[in-house]
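K.L.:
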Amino acid sequence: MMRTRPLKVALLGCGVVGTEVARIMTTHADDLAARIGAPLELAGVAVRRPGKVREGIDPALVTTDATALVKRGDIDVVVEVIGGIEPARTLITTAFEHGASVVSANKALLAEDGPTLYEAAERHGRDLYFEAAVAGAIPLIRPLRESLAGDHVNRVLGIVNGTTNFILDRMDIAGAGYSEALDEATALGYAEADPTADVEGFDAAAKASILAGIAFHTRVRLDAVHREGITEVTSADLASAKRMGCTVKLLAICERAADGRSVTARVHPAMIPLSHPLASVREAYNAVFVESEAAGRLMFYGPGAGGAPTASAVLGDLVAVCRNRLAGARGPGESAYTRLPVSPMGDVVTRYHINLDVADKPGVLAQVATVFAEHGVSIDTVRQKGKDGEASLVVVTHRASDAALTGTVEALRGLDTVRGVASIMRVEGE
Ligand code: NDP
Ligand code: HSE
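Using the working numbering, read the sequence shown as starting at 2 and increasing by one per residue.
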């Protein structure tokens with residue numbers, strides 16, 4: 002039975018994502034109505050610059066007063082695609098207070114202050130959905146929150162930032178420069194309003210915090226996520242990776258400790274073998290592995306950024322929230338019933354690729370090897386290339402703790418024969 006009275010939607014933000022949300026709501030209005038059981042009505046569109054021409058949007062719906070829009074009282078669902086912390090947070094909590102459910106794509110806010118949003122949704126008996134906040138179009142939040150609710154997830158690992166994957170891919174495959182590739186990613190609508198969030202790893206860290214929280218049913222604060230971006234990855238690193246049969250990707254890795262008593266969450270560039278499925282994730286695509294006790298290893302893959310792909314995830318949430326509303330039901334709220342501590346990065350165990358500039362003379366290799374041995378870091382391979390009394394030494398280790406590796410590197414820097422540590426990169430995916 003189709004309800005004739007429409008469900009009213011307030012769209013907060015009409016940029017890269019919001020424009021596509023509005024377009025799909027209009028072009029697929031009949032299908033969406035049939036799937037929901039009631040038509041959708043775009044009741045208002047809040048923006049910053051009201052004079053901007055917005056194709057397909059009735060100018061009468063455009064307002065700069067987002068607060069008044071969410072306070073109207075007749076809004077069923079608020080779609081927040083403004084981004085950032087404020088005014089998004091206040092608008093979302095105000096929307097709940099005034100009876101609306103919320104769909105958001107705002108990973109920065111969810112990672113910074115998710116509990117406040119969850120608690121406001123709970124207090125007012127409304128839904129908070131945010132599929133688009135992690136990995137663009139890829140259904141990942143709903144599978145973790147719902148499909149895997151009966152399983153025990155131990156690890157989530159993958160590429161969750163489209164912009165950085167696009168940049169690394171362009172640098173690696175097309176030999177493009179870093180700035181040129183970043184400009185292209187921005188022009189394609191992949192980058193955040195401030196692309197520092199992408200290239201410095203803040204965006205991926207926010208996603209890791211959200212994923213770890215949902216996967217392990219615990220709160221993982223954003224500041225507990227170890228974060229490194231891609232700004233220091235050079236074309237020399239990419240070439241070195243290629244020589245090893247690897248490529249470089251910015252990874253987010255969330256793990257439950259073997260004893261189940263703690264978790265870790267980290268974001269950093271890593272070398273991965275070309276034979277690993279993540280190595281073939283190109284452009285702004287994302288891919289995430291979820292490893293759980295019963296299901297085993299699941300892979301989620303698809304477009305990780307961009308207006309239309311992200312709008313697909315927003316629309317999926319909008320349909321779900323509207324169905325809940327008509328059924329007088331609610332979707333899942335926060336599930337953070339465990340209180341697992343987040344271990345420091347020093348406890349993380351992985352492999353490392355270290356590039357040293359050293360003096361090319363007898364005994365140097367032995368000196369370097371001794372430092373590794375003294376810190377309990379076992380060497381897997383060493384490659385040396387000498388020129389004019391200097392040499393480049395590339396050491397790949399077996400698995401060691403980050404703390405042991407840090408100690409090793411500090412000691413190496415103290416050797417007279419070590420001129421410099423050109424780069425250190427973790428090696429994952431083996
Ligand atoms: P844009 O910068 O393209 O759009 C932001 C929109 O918000 C604009 O329409 C802007 O208005 C409006 N806005 C900004 N400040 C205010 C304000 N104070 N009051 C009302 N409106 C305001 O961002 P995106 O569309 O790219 O991203 C939106 C959200 O989606 C962010 O949280 C982002 O992280 C997330 N996201 C983005 C993806 C992408 O690929 N772009 C992918 C996944 C998630 P105006 O148009 O007048 O400037
Ligand atoms: N800036 C983000 C990215 C958008 O590049 O992945 C998608 O969350």
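All C-beta atoms in this analysis are idealised placements derived from N, C-alpha and C, irrespective of residue type, glycine included.
What residues sit near the ligand HSE, counting only those whose C-beta is closer than 6 Å to one of its heavy atoms, in chain order?
P.N.:
Here the list is Gly137, Asn162, Gly163, Thr164, Tyr191, Ala192, Glu193, Asp199, Asp204, Gly305 and Ala306.
K.L.:
Between Lys72 and the rest of its own chain, which residues show a CB-CB distance below 7 Å, the 5 nearest in sequence each way excluded?
P.N.:
Locating residue 72 in the sequence shown gives position 71, where the first residue counts as 1. Closer than 7 Å at the Cβ level, and outside the excluded window around Lys72, lie Thr95 and His99.
K.L.:
In three-state terms, what does DSSP make of Ser276?
P.N.:
Locating residue 276 in the sequence shown gives position 275, where the first residue counts as 1. Correct three-state label for Ser276: coil.
K.L.:
Can you find a heavy atom of the ligand NDP that lies under 6 Å from the Cβ of Thr311?
P.N.:
If you number the sequence shown from 1, residue 311 lands on position 310. Under cutoff, so the answer is yes.
K.L.:
Tell me Met426's beta-bridge partners as DSSP assigns them.
P.N.:
Taking the first residue of the sequence shown as position 1, residue 426 is located at position 425. DSSP, once it has assigned bridges, lists His354 as partnering Met426.
K.L.:
Looking at the secondary structure, which residues open and close the alpha helix (DSSP H) in which Val22 lies?
P.N.:
Here residue 22 refers to the residue found at position 21 of the sequence shown. Per DSSP, Val22 belongs to the alpha helix (DSSP H) from Val17 to Thr28.
K.L.:
Please confirm whether any heavy atom of the ligand NDP lies closer than 6 Å to the CB of Cys255.
P.N.:
Counting from one through the sequence shown, the residue named residue 255 turns up at place 254. Not so, every heavy atom of the ligand NDP lies at least 6 Å from the Cβ.
K.L.:
Taking Ser102 as part of the beta strand (DSSP E), name the residues at either end of that continuous run.
P.N.:
Along the sequence shown, read from residue 1 onward, the residue named residue 102 stands at position 101. Ser102 -> beta strand (DSSP E) spans Ser102 to Ser105.
K.L.:
Taking its Cβ as the centre, do 16 or more other Cβ atoms sit within 10 Å of Val234, making it buried, or is it exposed?
P.N.:
As a working mapping, residue 234 is identified with position 233 in the sequence shown. Buried, since its Cβ has 16 or more Cβ neighbours within 10 Å.
K.L.:
Output the boundary residues of the beta strand (DSSP E) element that contains Phe290.
P.N.:
Counted from its first residue, the sequence shown places residue 290 at position 289. Tyr286 to Ser293 is the span of the beta strand (DSSP E), which, as asked, contains Phe290.
K.L.:
Can you check which of these residues, Arg171, Leu279 and His227, is closest to Val343 by C-alpha distance?
P.N.:
Taking the first residue of the sequence shown as 1, we reach residue 343 at position 342. When only C-alpha atoms are compared, the closest one is His227.
K.L.:
Terminal residues of the continuous beta strand (DSSP E) containing Arg340?
P.N.:
Counting from 1 along the sequence shown, the entry for residue 340 is found at position 339. From DSSP, Arg340 is part of no beta strand (DSSP E); its letter is neither H nor E.
K.L.:
For the candidate residues His153, Asp152, Gly151 and Phe131, whose alpha-carbon lies nearest to that of Arg143?
P.N.:
Taking the sequence shown and counting its residues from 1, the one referred to as residue 143 is at position 142. Checked all of His153, Asp152, Gly151 and Phe131; the closest Cα to Arg143 is Phe131.
K.L.:
Less than 6 Å between the CB of Ile160 and some heavy atom of the ligand NDP, yes or no?
P.N.:
Translated into positions along the sequence shown, residue 160 becomes position 159. Ile160: no, Cβ never under 6 Å from the ligand NDP.
K.L.:
Just curious, the alpha helix (DSSP H) that Asn166 is in, first and last residue?
P.N.:
By 1-based counting over the sequence shown, the position of residue 166 is 165. Per DSSP, Asn166 belongs to the alpha helix (DSSP H) from Gly163 to Ile174.
K.L.:
For Asn356 versus Ser424, is the C-beta distance shorter than 7 Å?
P.N.:
Counting from 1 along the sequence shown, the entry for residue 356 is found at position 355. Counting from 1 along the sequence shown, the entry for residue 424 is found at position 423. Contact: yes.
K.L.:
Only counting runs of 4 or more residues, tell me where the alpha helix (DSSP H) segments fall wholly within the segment 54-105, in order along the chain.
P.N.:
For the segment 54-105, whole alpha helix (DSSP H) runs of length 4 or above, ordered along the chain, are 67-71 and 89-98.
K.L.:
With a floor of 4 residues, list each alpha helix (DSSP H) that falls wholly inside the segment 347-402, ordered by position along the chain.
P.N.:
List check, alpha helix (DSSP H) in window: 365-375.
K.L.:
Straight-line CA distance for Tyr191 to Glu56?
P.N.:
On the sequence shown, residue 191 is found 190 positions in, with the first residue counted as 1. On the sequence shown, residue 56 is found 55 positions in, with the first residue counted as 1. Their Cα atoms are separated by approximately 20 Å.
K.L.:
Is there contact here, the segment 356-367 with the segment 247-260, by at least three beta-carbon pairs under 8 Å?
P.N.:
No, because fewer than three Cβ pairs between the segment 356-367 and the segment 247-260 fall closer than 8 Å, the two stretches do not touch.
K.L.:
Answer yes or no: do Val22 and Val322 have a C-beta to C-beta separation smaller than 7 Å?
P.N.:
Looking up residue 22 in the sequence shown gives position 21. Looking up residue 322 in the sequence shown gives position 321. No, Cβ-Cβ distance for Val22 and Val322 is not below 7 Å.
K.L.:
Does the Cβ of Glu256 have 16 or more other Cβ atoms within 10 Å, making it buried, or fewer, making it exposed?
P.N.:
On the sequence shown, position 255 is the one that residue 256 refers to. Classification of Glu256: buried, given that the 10 Å Cβ count is 16 or more.
K.L.:
Whether or not the segment 207-227 and the segment 178-189 are in contact is what I'm after, with contact meaning three or more pairs of Cβ atoms, one per stretch, closer than 8 Å; do they touch?
P.N.:
Segments in contact, no.
K.L.:
Give the single residue among Leu316, Glu181 and Ile139 whose Cα lies nearest to the Cα of His29.
P.N.:
The residue given as residue 29 occupies position 28 in the sequence shown. Considering only alpha carbons, the answer is Leu316.
K.L.:
Assuming Glu411 contacts Asp358 (C-beta within less than 8 Å), just tell me the rounded distance between them.
P.N.:
Here residue 411 refers to the residue found at position 410 when the sequence shown is read from its first residue. Here residue 358 refers to the residue found at position 357 when the sequence shown is read from its first residue. The Cβ separation is near 16 Å, so there is no contact.
K.L.:
Looking at the ligand NDP, does it come within less than 6 Å of Pro196, judged from the CB to the closest heavy atom?
P.N.:
Residue mapping note: residue 196 aligns to position 195 of the sequence shown, counting from 1. The answer is no for Pro196.
K.L.:
If you run the structure through DSSP and keep just helix, strand and coil, what is Ile160?
P.N.:
Counted from its first residue, the sequence shown places residue 160 at position 159. Ile160: strand per DSSP, three-state reduction.
K.L.:
Going by the CB atoms, is the gap between Ile254 and Leu145 shorter than 7 Å?
P.N.:
As a first step, residue 145 is located in the sequence shown; it is residue number 144 there, counting from the start. As a first step, residue 254 is located in the sequence shown; it is residue number 253 there, counting from the start. In this structure, Ile254 does not lie closer than 7 Å to Leu145 by Cβ.
K.L.:
Among the candidates Arg414, Gly14, Leu406 and Leu223, whose CA atom is the shortest distance from the CA of Pro116?
P.N.:
Within the sequence shown, numbered from 1, the residue matching residue 116 stands at position 115. Closest by alpha carbon: Leu223.
K.L.:
Taking 6 Å as the cut-off, is the CB of Ala188 close to at least one heavy atom of the ligand NDP?
P.N.:
Walking along the sequence shown from the start, residue 188 turns up at place 187. No, Cβ of Ala188 sits at least 6 Å from all heavy atoms of the ligand NDP.
K.L.:
Thr65 and Val48 look like a contact to me (Cβ under 8 Å); what is the Cβ gap, rounded to whole Å?
P.N.:
Along the sequence shown, read from residue 1 onward, the residue named residue 65 stands at position 64. Along the sequence shown, read from residue 1 onward, the residue named residue 48 stands at position 47. Going by Cβ atoms, the distance from Thr65 to Val48 rounds to 7 Å, so yes, they are a contact pair.
K.L.:
With respect to the alpha helix (DSSP H) encompassing Arg283, which residues constitute its N-terminal and C-terminal limits?
P.N.:
The residue labelled residue 283 in the question sits at position 282 within the sequence shown. Segment: none, Arg283 is in no alpha helix (DSSP H) and carries neither H nor E.
K.L.:
For a test of the three-state rule: what should DSSP assign to Thr311, helix, strand or coil?
P.N.:
The residue you call residue 311 lines up with position 310 of the sequence shown. DSSP places Thr311 in helix when its eight states are reduced to three.
K.L.:
For Pro144, verify whether its CB is less than 6 Å away from any heavy atom of the ligand NDP.
P.N.:
Taking the sequence shown and counting its residues from 1, one reaches residue 144 at position 143. Not under cutoff, so the answer is no.
K.L.:
Beta-carbon of Ile160 versus every beta-carbon of chain C: anything under 7 Å?
P.N.:
Although the question refers to chain C, the structure presented lacks it and comprises just one protein chain.
K.L.:
Evaluate contact between the segment 302-318 and the segment 2-18, counting only Cβ atoms and requiring at least three cross-stretch pairs below 8 Å.
P.N.:
Because the criterion of three Cβ pairs below 8 Å is met, the segment 302-318 and the segment 2-18 touch.
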